[in-house]
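J.:
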Amino acid sequence: EAKNTMQDMIEQGVQPNVITYNVSINHLCKANKLSLAVGLFNDMLQKGIRPTSSTYSSLIIAHCCQKDMDRVAQLLQEMKTKQIQPNESIWANIIKAYCIKQQCE
Numbered sequence: 538e539a540k541n542t543m544q545d546m547i548e549q550g551v552q553p554n555v556i557t558y559n560v561s562i563n564h565l566c567k568a569n570k571l572s573l574a575v576g577l578f579n580d581m582l583q584k585g586i587r588p589t590s591s592t593y594s595s596l597i598i599a600h601c602c603q604k605d606m607d608r609v610a611q612l613l614q615e616m617k618t619k620q621i622q623p624n625e626s627i628w629a630n631i632i633k634a635y636c637i638k639q640q641c642e
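Quick note on my numbering: the sequence shown kicks off at 538 and runs consecutively.
(1) Among V555, I597 and I556, which one has its Cα closest to the Cα of K567?
(2) Looking at C-beta atoms only, is the number of pairs between the segment 600 to 609 and the segment 579 to 586 that lie closer than 8 Å three or more?
(3) Would you mind giving the Cβ-Cβ distance between S590 and Q622, rounded to the nearest angstrom? I have them listed as a contact below 8 Å.
(4) Evaluate I651 with the Cβ neighbour count: other Cβ atoms within 10 Å of its Cβ, from every protein chain shown; 16 or more gives buried, anything less gives exposed.
(5) Span of the alpha helix (DSSP H) holding N563?
(6) Return no unless some Cβ of chain C is closer than 8 Å to the Cβ of Q552.
(7) Rounded to a whole number of angstroms, what is the C-alpha to C-alpha distance between R608 and K619?
(8) Using the rule of at least 16 other Cβ atoms within 10 Å of the residue's Cβ for burial, across every protein chain shown, is T592 buried or exposed?
(9) I'd like the list of long-range same chain contacts for S626, defined as Cβ closer than 8 Å, with 5 residues on each side in sequence excluded.
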């Protein structure tokens, strides 16, 4: 629905901005629809919209929940390259995910 709503916006002449993308990505991540969230993230990048720490936070937390720590590391590197500071929530979730992963191994 998020992608359809954004398409409706575009058809009516309203271009999605970083806030629109962040809200949509966040909700998709919380709904466990990470592939759709990643698709929106890639769409956002293709349109030249600069992600924020909130954008990355949603994606990193979702990848942490799936224990995809390689992707988490990639996203952190992207943040560093773009000079976007990870917030406390990001670090807390990364630490939690590493602890859970270590307990499972």
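Note that CB positions come from ideal geometry on N, CA and C, so glycine has one too.
T.: Here's the rundown:
(1) Cα-wise, what sits closest to K567 is I597.
(2) no
(3) Yes, they are in contact, since the Cβ atoms of S590 and Q622 sit about 6 Å apart, within 8 Å.
(4) The first residue shown for the chain is 538 and the last is 642, placing residue 651 beyond what the model contains.
(5) Note, N563: alpha helix (DSSP H), V555 to K567.
(6) Any reference to chain C falls outside this structure, which holds one protein chain only.
(7) Approximately 16 Å between the Cα atoms of the pair.
(8) buried
(9) S594 and I598
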